[in-house]
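K.L.:
One line per chain: the protein sequences are X and L, in this order.
Here numbering that gives the first Met the number 0 is used: the first residue of the first sequence is 0, the next is one more, and so on.
Here numbering that gives the first Met the number 0 is used: the first residue of the second sequence is 0, the next is one more, and so on.
2 protein chains.
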Amino acid sequence: MPVAEAYGVMASCIAPRPIAFVSTLSPDGKPNLAPFSYFMAGGSNPPSLAFSPTPDRTGQPKDTLRNIEETGEFVVHIVTYEMREKMNITSSEFPYGVSEWEHSGFTPVLSTHVKPPRAAESPIALECKLFKIIEHGEGFASARYVIGEILTAHIAQEVMTDGEIDTEKVDYLARLGGNYYARAHSEALFELARPPKVQKYPEG
Amino acid sequence: MPVAEAYGVMASCIAPRPIAFVSTLSPDGKPNLAPFSYFMAGGSNPPSLAFSPTPDRTGQPKDTLRNIEETGEFVVHIVTYEMREKMNITSSEFPYGVSEWEHSGFTPVLSTHVKPPRAAESPIALECKLFKIIEHGEGFASARYVIGEILTAHIAQEVMTDGEIDTEKVDYLARLGGNYYARAHSEALFELARPPKVQKYPEG
Numbered sequence: 000m001p002v003a004e005a006y007g008v009m010a011s012c013i014a015p016r017p018i019a020f021v022s023t024l025s026p027d028g029k030p031n032l033a034p035f036s037y038f039m040a041g042g043s044n045p046p047s048l049a050f051s052p053t054p055d056r057t058g059q060p061k062d063t064l065r066n067i068e069e070t071g072e073f074v075v076h077i078v079t080y081e082m083r084e085k086m087n088i089t090s091s092e093f094p095y096g097v098s099e100w101e102h103s104g105f106t107p108v109l110s111t112h113v114k115p116p117r118a119a120e121s122p123i124a125l126e127c128k129l130f131k132i133i134e135h136g137e138g139f140a141s142a143r144y145v146i147g148e149i150l151t152a153h154i155a156q157e158v159m160t161d162g163e164i165d166t167e168k169v170d171y172l173a174r175l176g177g178n179y180y181a182r183a184h185s186e187a188l189f190e191l192a193r194p195p196k197v198q199k200y201p202e203g
Numbered sequence: 000m001p002v003a004e005a006y007g008v009m010a011s012c013i014a015p016r017p018i019a020f021v022s023t024l025s026p027d028g029k030p031n032l033a034p035f036s037y038f039m040a041g042g043s044n045p046p047s048l049a050f051s052p053t054p055d056r057t058g059q060p061k062d063t064l065r066n067i068e069e070t071g072e073f074v075v076h077i078v079t080y081e082m083r084e085k086m087n088i089t090s091s092e093f094p095y096g097v098s099e100w101e102h103s104g105f106t107p108v109l110s111t112h113v114k115p116p117r118a119a120e121s122p123i124a125l126e127c128k129l130f131k132i133i134e135h136g137e138g139f140a141s142a143r144y145v146i147g148e149i150l151t152a153h154i155a156q157e158v159m160t161d162g163e164i165d166t167e168k169v170d171y172l173a174r175l176g177g178n179y180y181a182r183a184h185s186e187a188l189f190e191l192a193r194p195p196k197v198q199k200y201p202e203g
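(1) With a 10 Å radius around its C-beta and 16 neighbouring C-beta atoms as the bar for buried, classify residue 172 of chain L as buried or exposed.
(2) If you draw a straight line from the alpha carbon of residue 213 of chain L to that of residue 23 of chain L, how long is it in whole angstroms?
(3) Is the shortest distance between the beta-carbon of residue 228 of chain L and the beta-carbons of chain X less than 7 Å?
(4) Check whether chain X comes within 7 Å of residue 12 of chain L, counting only Cβ atoms and requiring the distance to be less than that.
(5) Name, please, each residue of chain L whose Cβ falls closer than 8 Å to the Cβ of residue 164 of chain X.
(6) How would you list, in chain order, the residues of chain X whose beta-carbon sits under 8 Å from the beta-carbon of residue 28 of chain L?
(7) Taking all protein chains shown into account, decide if residue 61 of chain X is buried (16 or more other Cβ within 10 angstroms of its Cβ) or exposed.
(8) Nearest to residue 30 of chain L by alpha carbon, out of L/73, L/175, L/177 and L/128?
(9) Spell out a yes or no on whether the stretch 73-85 of chain L and the stretch 117-137 of chain L are touching, meaning 3 or more CB-CB pairs, one atom from each, closer than 8 Å.
(10) Please work out which residues of its chain come closer than 7 Å, Cβ to Cβ, to residue 106 of chain L, disregarding the five sequence neighbours upstream and downstream, and give them in chain order.
(11) Kindly identify the DSSP beta-bridge partner or partners of residue 243 of chain L.
(12) May I ask you to report which of helix, strand or coil DSSP gives residue 58 of chain L?
(13) State yes or no: is the C-beta of residue 38 of chain X within less than 7 Å of the C-beta of residue 39 of chain L?
(14) Strictly under 7 Å for the Cβ-Cβ distance: is residue 39 of chain L near chain X by that measure?
(15) Should residue 33 of chain L and residue 182 of chain X be called a contact, given that it needs their Cβ atoms to be closer than 7 Å?
(16) Terminal residues of the continuous beta strand (DSSP E) containing residue 190 of chain X?
(17) What are the complete beta strand (DSSP E) segments, minimum 3 residues, inside the stretch 15-42 of chain L?
(18) Candidates L/192, L/102, L/135 and L/146: which alpha carbon is nearest residue 127 of chain L's?
(19) Name the chain X residues that come within less than 9 Å of residue 53 of chain L, Cβ to Cβ?
(20) From the beta carbon of residue 190 of chain X, is the nearest beta carbon of chain L less than 7 Å away?
(21) Within the continuous beta strand (DSSP E) that includes residue 47 of chain X, where are the two ends?
(22) Over the uninterrupted beta strand (DSSP E) stretch that includes residue 173 of chain L, give me the two end residues.
(23) Would residue 6 of chain L and residue 43 of chain X be called neighbours here (beta carbons separated by less than 7 Å)?
(24) Counting along the chain, where does the beta strand (DSSP E) carrying residue 183 of chain L start and finish?
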């Protein structure tokens, strides 16, 4: 299967995907902001995440990847339904060094442990330092697993209830295949409790 | 922050998550089937994915991880809304070697390139071989990035239109924090086109 076709199939197969909206700085301090939906939580001991900024059609690394390779720091924001239009602007291919912050209108706020700023508009921002980059494949659309350790989480009061994140308040956005997005709110949300633990079960 | 608390925060921060429903075999052929929502696509050249079966409260590796370490093969299924109850049964902690297939009622079908069977009930099944396992942290809830190369994708005709996966037909299920799930269908879905490419932009 040609890579371009495989790209479309992958995006429809593994869905709905959370969106990592990533802030980085180049070594000389130029800011970058871009969304990536090849993104996962990895664990919580210590808190860890990964995302994959795949090389573009020319095979060149994305600005985000270059900046993380060179500085080791980034901030991952969660994208809400309200952020969708501004986030979409940052998915344009600007030349290296052009600020997506200005063009999209997100508001930069100083981070606590890393140099890249965080966006005030996201209710959940995770400051990260690079742990490891694992490459799989070569060229356009090959995998670049950027694994980061989360140093601190900024969580807005307006998405919390009794000191915890309230799933019904966040209004999460998810990415699917083609131009599709999904909004995880109201009727789309439901609860399903885990079954009780089975301590022992006779074999056979 | 204690690990148990960090676990809850992570699950609410990085969401909505696609669910990898993973079929493996132990070296002596005992089948295992379990859901993991720390899961991502990585790229498509070659097609690649990762998921993280974190160690349980005793710090022991999950059966899925042990089986992949020993055999190098697994099948990842996408979970639909219709599969939710059966999938939930497999999230119980059964003793090693007990078959989640029997207890949940999924139907095993022979895979093409790997030994673990795939479940007939999932419209999207991805046969994978292990590329690499990256550990981050130690013990309960630490990250185990299992990176796999996708050898073949089984896609059911009923989720396709004109030879392509139809996002509106799949009825994807996503995982969020606590006991929350989201269903990506009908009103939850919408389209948002990428902005046109910016070829050049004056600096300054």
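C-beta: ideal position from N, C-alpha, C; glycine also.
P.N.:
With the structure as the only source:
(1) Taking the first residue of the second sequence as position 1, residue 172 of chain L is located at position 173. Answer is buried; the Cβ neighbour count reaches 16.
(2) Past the edges of chain L, shown from 0 to 203, lies residue 213 of chain L, and the structure says nothing about it.
(3) Residue 228 of chain L lies beyond the stretch modelled for chain L, which goes from 0 to 203, so this question has no answer here.
(4) Residue 12 of chain L sits at position 13 when you count from the first residue of the second sequence. True, the Cβ-Cβ gap to chain X drops below 7 Å.
(5) Here residue 164 of chain X corresponds to residue number 165 of the first sequence, with the count starting at 1. Those within 8 Å of residue 164 of chain X in chain L are 8, 11, 12 and 176.
(6) Position 29 of the second sequence holds residue 28 of chain L. Under the 8 Å cutoff, chain X gives no residues; its nearest Cβ is about 14 Å from residue 28 of chain L.
(7) By 1-based counting over the first sequence, the position of residue 61 of chain X is 62. It counts as buried.
(8) The sequence position of residue 30 of chain L within the second sequence is 31, counting from 1. That would be L/73, whose Cα lies nearest to the Cα of residue 30 of chain L.
(9) yes
(10) Taking the second sequence and counting its residues from 1, the one referred to as residue 106 of chain L is at position 107. The answer, listed in chain order, is 118, 119 and 120.
(11) Outside the shown range of chain L (0 to 203) lies residue 243 of chain L, about which nothing can therefore be said.
(12) Looking up residue 58 of chain L in the second sequence gives position 59. Here residue 58 of chain L sits in coil by DSSP.
(13) For this step, residue 38 of chain X is matched to residue 39 along the first sequence. For this step, residue 39 of chain L is matched to residue 40 along the second sequence. Their beta carbons are under 7 Å apart, which means residue 38 of chain X touches residue 39 of chain L by this criterion.
(14) Within the second sequence, residue 39 of chain L is the residue found at index 40, counting from 1. Yes, residue 39 of chain L counts as interfacial toward chain X.
(15) Locating residue 33 of chain L in the second sequence gives position 34, where the first residue counts as 1. Locating residue 182 of chain X in the first sequence gives position 183, where the first residue counts as 1. No, Cβ-Cβ distance for residue 33 of chain L and residue 182 of chain X is not below 7 Å.
(16) Looking up residue 190 of chain X in the first sequence gives position 191. That run of the beta strand (DSSP E) goes 188-190.
(17) 19-24 and 30-35
(18) Taking the second sequence and counting its residues from 1, one reaches residue 127 of chain L at position 128. Minimum Cα distance to residue 127 of chain L is reached at L/146.
(19) As a working mapping, residue 53 of chain L is identified with position 54 in the second sequence. Simply 41, 42, 43 and 44.
(20) Translated into positions along the first sequence, residue 190 of chain X becomes position 191. Chain L contact via Cβ: present.
(21) Residue numbering aside, residue 47 of chain X sits at position 48 when the first sequence is read from its first letter. Segment 46-50, the beta strand (DSSP E) holding residue 47 of chain X.
(22) Locating residue 173 of chain L in the second sequence gives position 174, where the first residue counts as 1. Segment 171-174, the beta strand (DSSP E) holding residue 173 of chain L.
(23) Translated into the one-based positions of the second sequence, residue 6 of chain L becomes position 7. Translated into the one-based positions of the first sequence, residue 43 of chain X becomes position 44. Yes, these two residues count as a Cβ contact at 7 Å.
(24) Within the second sequence, numbered from 1, the residue matching residue 183 of chain L stands at position 184. That run of the beta strand (DSSP E) goes 179-183.
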